[in-house]
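Peer 1:
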Ligand SMILES: Cc1cc2nc3c(=O)[nH]c(=O)nc-3n(C[C@H](O)[C@H](O)[C@H](O)COP(=O)(O)OP(=O)(O)OC[C@H]3O[C@@H](n4cnc5c(N)ncnc54)[C@H](O)[C@@H]3O)c2cc1C
């Protein structure tokens, strides 16, 4: 019998296996596609690998402005794809080696809860192996973690289903050639990243977004900066897609005009939805709403003995959120296993000094591209909507020595810090421009640790860096 059975080996599933494997718990990890899940195979890592190649290409072409000349710069999409596959392959092997090191049994196939654990009794998981194999296998486990992730949401737009020219992000990652023209439906993070990638490689890209701005959680003062930095991508905001014919997207503008975007391919990037089927939700009786599996702040579902973590909860569809949810779940599962085992298992995570509760107020996000954007905490618009009195300070990135040295002034960026007018605690940090994704964790630390304006003023940041603009902005509060 296993201590824990995990369904889904994405960031949530494999990290929980790693944390509890480290404690010598006996773990079964069931995965129907590939170790690493969406993040490693169809999301974070392949996209960033491609974006990095696009950045190198742009830098090589534009190096003349910095006194570096390269002749005949070109890119080889096949080689770019090969490199992407090498990177993801190596990282997958790394996860497999780690699972082996921690004695985690990896079962390929579709996992389904047959019976939930009850009190000190075990639950049961059925694993249907790829291609049928020798038939499904059943395993017993004292606890179950559900982490099946999410899949692209496909709105019922007439002409989009079974249309070979309309791809989701997973299919577009595999494309064998860079399209001359690409239309992206959806201006969220995924849509914007693909738009930037293919535009940098020479495609003519149009993004059609129903809302009046791109990237919904971005500070509204920063969204236009990112759009400008992504020129020549064309953004059609406040537009509703009506139908697709071939690769022609018909839409209505906010003034009610009917327009059409013609392209070679269409990317459907209208968000993702949690996977709520195929893993036995119905057999276990777990509560799930339209948004995802309902969990408390220890990632417990409504059924004792079953936890859920990652995108399936619909709470924050990001890999680093999935990691943290997995850690919180792992600590609680460890304590549960000890309790139901009379303490014999000796769980260490339960004894952690830091309370293990999932918090959502300081989760950073980032958009990767030739120009990056990132943020954490509240935006000016959220502060206004909540009626929170705040102090705000913004600075253009061009005043940073490091930024000036590495950028032409065509690419503008900015850093903004928001603090509570009452408590003077830092509530939000936002950035558009170089290295934003790398330094935003510092903003998260300030918020998480409830630093006040005066605390940050006493901190020393390295110089010259772009991140020191956070400190400079704080002096403006
Ligand atoms: C194009 C793209 C780019 C992204 N970029 C970023 C980024 O830069 N940064 C970031 O933080 N996030 C990014 N994300 C989001 C990130 O990939 C997800 O938030 C993250 O993968 C969620 O982890 P998870 O463990 O919850 O689920 P997943 O990674 O989706 O893993 C779930 C796994 O469960 C398996 N599974 C499902 N059902 C079953 C079953 N019944 N039995 C067995 N196995 C099953 C699936 O095959 C999958 O491997 C991106 C996503 C996409 C699509």
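In my numbering, the protein residues as written are 17 to 493. We treat Cβ as the ideally placed atom computed from N, Cα and C, and that holds for glycine.
1. Could you tell me whether the Cβ atoms of residue 157 and residue 195 are closer together than 7 angstroms?
2. With respect to 6 angstroms, is the separation between the Cβ of residue 54 and the closest non-hydrogen atom of ligand 1 below this value?
3. Does the pairing of the stretch 430-444 with the stretch 396-415 give three or more beta-carbon distances under 8 angstroms?
4. Please identify the residue among 162, 461, 389 whose C-alpha is closest to the C-alpha of residue 328.
5. Per the DSSP calculation, residue 73 is bridged to which residue(s)?
6. Counting Cβ pairs closer than 8 angstroms, one from the stretch 119-131 and one from the stretch 38-58, do we hit at least three?
7. If you reduce the DSSP assignment to three classes, tell me which class residue 331 lands in.
8. So is the beta-carbon of residue 238 under 6 angstroms away from any non-hydrogen atom of ligand 1?
9. In angstroms, rounded to a whole number, what distance separates the CA positions of residue 155 and residue 374?
10. Express the C-alpha separation of residue 214 and residue 175 in angstroms, rounding to a whole number.
11. Sorted by chain position, which residues of the same chain lie with C-beta nearer than 6 angstroms to residue 198's C-beta, five sequence neighbours on each side aside?
12. For residue 203, which residues of its own chain have a beta-carbon under 6 angstroms away from its beta-carbon, when the five flanking residues on both sides are left out?
13. Compute the Euclidean distance between the alpha carbons of residue 89 and residue 244, then round it to the nearest angstrom.
14. Let me check understanding here. Comparing Cα to Cα, which of 304, 474, 437, 339 lies closest to residue 291?
15. Please state the DSSP three-state secondary structure of residue 355.
16. How do the stretch 106-116 and the stretch 134-143 stand: do at least 3 beta-carbon pairs fall below 8 angstroms, yes or no?
17. As a quick exercise: from 473, 160, 80, pick the residue whose alpha carbon is nearest that of residue 320.
18. In whole angstroms, give me the CA-to-CA distance for residue 489 and residue 412.
19. Would residue 24 pass as a contact of residue 165 if the rule is Cβ separation under 7 angstroms?
20. Can you grab the Cα-Cα spacing for the pair residue 482 / residue 118, in whole Å?
21. How far does the alpha helix (DSSP H) with residue 470 in it reach, from first residue to last?
22. Using 10 angstroms around the beta-carbon of residue 273, count the other beta-carbons present and answer buried if the total reaches 16, otherwise exposed.
23. Quick check: the stretch 343-359 against the stretch 27-37, are there 3 or more CB pairs under 8 angstroms?
24. Taking the beta carbon of residue 295 as the centre, do at least 16 other beta carbons fall within 10 Å, making it buried, or is it exposed?
25. Quick check on the burial criterion: 16 or more other C-beta atoms within 10 angstroms. Buried or exposed for residue 84?
26. What is the rounded straight-line gap between the Cα of residue 264 and the Cα of residue 456?
27. For residue 473, which of 21, 458, 487, 205 has the nearest alpha-carbon?
28. So, does the stretch 306-319 touch the stretch 253-268, judging by three or more C-beta pairs under 8 angstroms?
29. Give a yes or no on whether the C-beta atoms belonging to residue 434 and residue 406 are separated by under 7 angstroms.
30. Suppose the cutoff is 8 angstroms on Cβ atoms and the five residues either side in sequence are ignored; what does the same chain contact list for residue 254 look like?
31. How would you write the range of the alpha helix (DSSP H) that residue 152 sits in, first residue to last?
32. In whole angstroms, what separates the C-alpha of residue 477 from that of residue 458?
33. Taking the beta strand (DSSP E) that residue 251 falls in, what are its first and last residues?
34. Cβ-heavy atom distance between residue 336 and ligand 1 below 6 angstroms?
35. Taking 6 angstroms as the cut-off, is the beta-carbon of residue 295 closer than that to any non-hydrogen atom of ligand 1?
Peer 2: By the coordinates alone:
1. The residue labelled residue 157 in the question sits at position 141 within the chain shown. The residue labelled residue 195 in the question sits at position 179 within the chain shown. Taking 7 angstroms as the Cβ cut-off, residue 157 and residue 195 do not qualify as a contacting pair.
2. Here the question's residue 54 lines up with position 38 in the chain shown. Residue 54 Cβ: within cutoff of ligand 1.
3. Touching, yes, given that three or more Cβ pairs across the two stretches are closer than 8 angstroms.
4. Within the chain shown, numbered from 1, the residue matching residue 328 stands at position 312. Of 162, 461, 389, the residue nearest in Cα terms is 162.
5. If you number the chain shown from 1, residue 73 lands on position 57. DSSP, once it has assigned bridges, lists no residue as partnering residue 73.
6. Touching, yes.
7. Your numbering for residue 331 matches position 315 in the chain shown. It is coil, neither helix nor strand.
8. Within the chain shown, numbered from 1, the residue matching residue 238 stands at position 222. Outside the cutoff, so no.
9. In the chain shown, residue 155 corresponds to position 139, counting from 1. In the chain shown, residue 374 corresponds to position 358, counting from 1. If you draw a straight line from the Cα of residue 155 to the Cα of residue 374, it is about 29 angstroms long.
10. In the chain shown, the residue the question calls residue 175 occupies position 159. In the chain shown, the residue the question calls residue 214 occupies position 198. Computed Cα separation, rounded: 24 angstroms.
11. Locating residue 198 in the chain shown gives position 182, where the first residue counts as 1. Taken in chain order, the residues that qualify are 214, 219, 221, 279, 281.
12. Position 187 of the chain shown, counted from the start, is the residue given in the question as residue 203. Closer than 6 angstroms at the Cβ level, and outside the excluded window around residue 203, lie 223, 225, 230.
13. Here the question's residue 89 lines up with position 73 in the chain shown. Here the question's residue 244 lines up with position 228 in the chain shown. Computed Cα separation, rounded: 25 angstroms.
14. Residue mapping note: residue 291 aligns to position 275 of the chain shown, counting from 1. Ranking 304, 474, 437, 339 by Cα distance to residue 291 puts 304 first.
15. For the purposes of this step, residue 355 is taken as the residue at position 339 of the chain shown. Under the three-state reduction of DSSP, residue 355 is assigned to helix.
16. At 8 angstroms Cβ cutoff, the stretches do not touch.
17. The count along the chain shown starts at 1 and reaches residue 320 at position 304. The alpha carbon of residue 320 has as its nearest neighbour, out of 473, 160, 80, the alpha carbon of 160.
18. Indexing the chain shown from 1 puts residue 489 at position 473. Indexing the chain shown from 1 puts residue 412 at position 396. Approximately 10 angstroms between the Cα atoms of the pair.
19. For the purposes of this step, residue 24 is taken as the residue at position 8 of the chain shown. For the purposes of this step, residue 165 is taken as the residue at position 149 of the chain shown. The answer is yes: Cβ separation under 7 angstroms.
20. Within the chain shown, residue 482 is the residue found at index 466, counting from 1. Within the chain shown, residue 118 is the residue found at index 102, counting from 1. Their backbone Cα atoms lie some 40 angstroms apart in a straight line.
21. Locating residue 470 in the chain shown gives position 454, counting from the first residue. Segment 469-473, the alpha helix (DSSP H) holding residue 470.
22. Along the chain shown, read from residue 1 onward, the residue named residue 273 stands at position 257. Result: exposed.
23. The stretch 343-359 makes contact with the stretch 27-37: 3 or more CB pairs, one atom from each, lie closer than 8 angstroms.
24. The residue labelled residue 295 in the question sits at position 279 within the chain shown. By the neighbour-count rule (16 or more Cβ atoms within 10 Å), residue 295 is buried.
25. In the chain shown, counting from the first residue as 1, residue 84 sits at position 68. Exposed, by the Cβ-count rule.
26. Your numbering for residue 264 matches position 248 in the chain shown. Your numbering for residue 456 matches position 440 in the chain shown. Residue 264 and residue 456: Cα-Cα distance of roughly 38 angstroms.
27. As a first step, residue 473 must be located in the chain shown, where it is residue number 457. Closest in C-alpha terms to residue 473, from the list 21, 458, 487, 205, comes 487.
28. In short, these stretches do not touch, since the Cβ pair count stays below three.
29. For the purposes of this step, residue 434 is identified with residue 418 of the chain shown, where counting begins at 1. For the purposes of this step, residue 406 is identified with residue 390 of the chain shown, where counting begins at 1. The answer is yes: Cβ separation under 7 angstroms.
30. By 1-based counting over the chain shown, the position of residue 254 is 238. Once the five neighbours on either side are set aside, the close Cβ partners of residue 254 are 225, 226, 227, 228, 269, 270.
31. For the purposes of this step, residue 152 is taken as the residue at position 136 of the chain shown. According to the DSSP assignment, residue 152 belongs to no alpha helix (DSSP H), since it is labelled neither H nor E.
32. To locate residue 477, count along the chain shown from 1; it is residue 461. To locate residue 458, count along the chain shown from 1; it is residue 442. Cα to Cα, residue 477 sits roughly 10 angstroms from residue 458.
33. Position 235 of the chain shown, counted from the start, is the residue given in the question as residue 251. Counting along the chain, the beta strand (DSSP E) containing residue 251 begins and ends at 250-253.
34. What you label residue 336 is simply residue 320 of the chain shown in a count that begins at 1. Result yes, Cβ under 6 angstroms from ligand 1.
35. Here residue 295 refers to the residue found at position 279 when the chain shown is read from its first residue. For residue 295, the shortest separation between its Cβ and any heavy atom of ligand 1 lies below 6 angstroms.
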